[in-house]
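Student: Heads up: take any position in the sequence shown, counting from 1, add 65, and you land on our numbering. In this text, a Cβ means the ideal position worked out from N, Cα and C, and glycines have one as well. Take a look at the following structure, please.
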Amino acid sequence: MRRLIPTRRRPGPAKTRRPSPAKARRPQPAARSRRPWILAGLGGVVLLLGGVAGGLVLSGHTLDSLAAPGTGATRGPVSVSLVPPAPPLERLQDRLGLSVASVEVIGRRRTAPDALLAALGHGPGDPILSLDLAAARARIEALPWVRRAALARRLPGTVRITLEERRPLALWQHDGRFSVIDGDGAPLAVDPARFATLPVVVGPDAPTHAAEFLEMLNLEPALAARVRAATRIGARRWNVVLDDIAEGPEIRLPEHRPDAAWRRLGELDRRHGLLGRALAMIDLRLGDRLVVDLDERRLPPAPPEAPGAPGGLPTALPAPPIAGGEESA
């Protein structure tokens, strides 16, 4: 058996490889030029960690540089602020100028501007895209005079508010108190003394029917302007007081076809001046007749009766002298 003994090659001259131009080693930067790269890398780590924890923005408190002594690097301040940056949406809005610059309001007559802006919740300079339109509309519709509201953005910086306000219709007298009601019969949270010229409606269900009834009265505008109060009787019909609540006259309307009876009253007044007479009550509930009561307070005083007139006593005359008697000196 032959034993194989490995042989060693004699070292020959080393082959020299010429580096290709593409793989040529780049010149190493000097030690001084590496320091800024190290600091930049550390800064990137700091900013990355800061982004996770809320963000760090350059400027603010100072820290010494990390250059080792004897390296030739100069020592200088590195500024770091612990104030978190604005959220991305707000930063984008600031760059694009999307902030509230003006508020347009359409349909406002009685709603106070300060109360309206407070309910909106956004003022000049606030980010317009962060405005919650649904929540703002709910707050605005909770204001006393607002019935409905619609909100819209008009970029870049305008918020438009369109209002439908509630209309004061009448004063509702109930349990000895007065409340202002609107066309829906809902009470308004306002001082009733400010609306003393509105007609008064009386009755538990009067607010529910007031709008329809007062609209019917407008069939005779001249009469409607003289209405001072209306009382709902038995949840069926109405009595109306003209001119003066205390003195009347009172108009009693029928349950059925009150509009026809109201027109009839207007026609009688135009032809015969009915409402110019001293009447305390006019009853229109009977379709074929008219029942009235005189107001004695408004009747003209009766002229004085002449002497000797029937029903009156004659003026006393001096008694004649007694016949045959002596006259006094």
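1. Just to confirm, is the Cβ distance from LEU163 to VAL170 under 8 Å?
2. Just how far apart, CA to CA, sit ARG354 and ASP308?
3. What is the rounded straight-line gap between the Cα of ALA266 and the Cα of ALA235?
4. Measure how close the beta-carbons of ARG174 and GLU230 come, nearest whole angstrom, since I'm counting them as under 8 Å.
5. Pull the bridge partners of SER164 from the DSSP assignment, please.
6. Express the C-alpha separation of SER167 and PRO314 in angstroms, rounding to a whole number.
7. Could you pull the start and end residues of the beta strand (DSSP E) that ARG302 belongs to?
8. Give me the Cα-Cα distance between THR296 and GLY268, rounded to the nearest whole angstrom.
9. Less than 6 Å between C-beta atoms, sequence neighbours within five positions excluded: which residues of the same chain meet that for HIS274?
10. Ignoring anything shorter than 4 residues, give me the alpha helix (DSSP H) runs that lie fully in the stretch 262-333, in order along the chain.
11. With a CB to CB cut of under 8 Å and the five nearest residues on each side skipped, what residues in its chain are close to PRO264?
12. Under 8 Å, with one C-beta from each stretch per pair, do the stretch 214-230 and the stretch 249-259 reach the 3-pair mark?
13. DSSP on PRO252, reduced to helix/strand/coil?
14. If I follow the unbroken beta strand (DSSP E) through LEU234, where does it start and stop?
15. What whole-angstrom Cβ distance do LEU340 and LEU318 have, given they're in contact under 8 Å?
16. Do LEU216 and THR176 count as a contact pair if the criterion is CB distance below 8 Å?
17. Please state the DSSP three-state secondary structure of LEU220.
18. According to DSSP, simplified to helix, strand and coil, what is LEU344?
19. For VAL255, tell me which candidate among VAL211, LEU330, ARG335 has the shortest Cα-Cα distance.
20. By alpha-carbon positions, which one of THR262, ARG329, ASP247 ends up nearest to ILE310?
21. Using the beta-carbon count (16 or more within 10 Å), is PRO272 buried or exposed?
22. Nearest to ILE347 by CA position, among ARG336, ALA326, ARG362, ARG335, is which residue?
23. Quick one: using the 10 Å Cβ neighbour count with 16 as the cut-off for buried, is PRO323 buried or exposed?
24. Would the beta-carbon of LEU330 fall within 8 Å of that of LEU344?
25. Exposed or buried, what is ALA290 when buried is set at 16 or more other beta-carbons lying within 10 Å of its beta-carbon?
26. Which class does ASP179 belong to by DSSP, given the choice of helix, strand or coil?
27. Strictly by DSSP, which residues pair up with PHE243?
28. Would you kindly check if the distance between the Cβ of PHE243 and the Cβ of PRO399 is under 8 Å?
29. Go ahead and label HIS321 buried or exposed: buried means 16 or more other beta carbons lie within 10 angstroms of its beta carbon, across all protein chains shown.
30. Count the other C-beta atoms from every protein chain shown that fall within 10 angstroms of the C-beta of LEU282, then say buried if there are 16 or more, exposed otherwise.
31. Leaving out five residues before and five after ARG328 in sequence, what residues of the same chain have Cβ atoms less than 8 Å from its Cβ?
32. Near ILE226, what residues of its chain come up, given a Cβ to Cβ distance below 6 Å and the 5 sequence neighbours on each side ignored?
33. What separation, rounded to the nearest whole angstrom, lies between the Cα atoms of GLY352 and GLY241?
34. Please report the distance separating the alpha-carbon of ARG362 from that of ALA183.
Tutor: Reading it off the structure:
1. no
2. Rounded to whole angstroms, ARG354 to ASP308 spans 24 Å at the Cα level.
3. Inspection of the sequence shows that residue 266 is occupied by Val rather than by Ala. Approximately 7 Å between the Cα atoms of the pair.
4. 6 Å
5. PRO192
6. Each residue's alpha carbon lies about 54 Å from the other.
7. Its beta strand (DSSP E) spans residues 302-309.
8. For THR296 and GLY268, the distance between alpha carbons rounds to 6 Å.
9. none
10. Secondary structure in the stretch 262-333: the alpha helix (DSSP H) runs of 4 residues or longer, each lying completely within the stretch, are 271-282, 286-289 in chain order.
11. ALA235, LEU236, LEU279, VAL292, ARG293, ALA294, ALA295
12. no
13. strand
14. Following the DSSP letters along the chain, one finds LEU234 inside the beta strand (DSSP E) bounded by residues 233-239.
15. Rounded, the Cβ-Cβ distance is 15 Å, inconsistent with contact.
16. no
17. Secondary structure at LEU220: coil, using DSSP grouped into helix, strand and coil.
18. strand
19. VAL211
20. Cα-wise, what sits closest to ILE310 is THR262.
21. buried
22. ALA326
23. buried
24. No.
25. exposed
26. Helix, per DSSP.
27. GLN238
28. Past the edges of the chain, shown from 66 to 394, lies residue 399, and the structure says nothing about it.
29. exposed
30. buried
31. LEU284, GLU285
32. VAL170, LEU216
33. 34 Å
34. 56 Å
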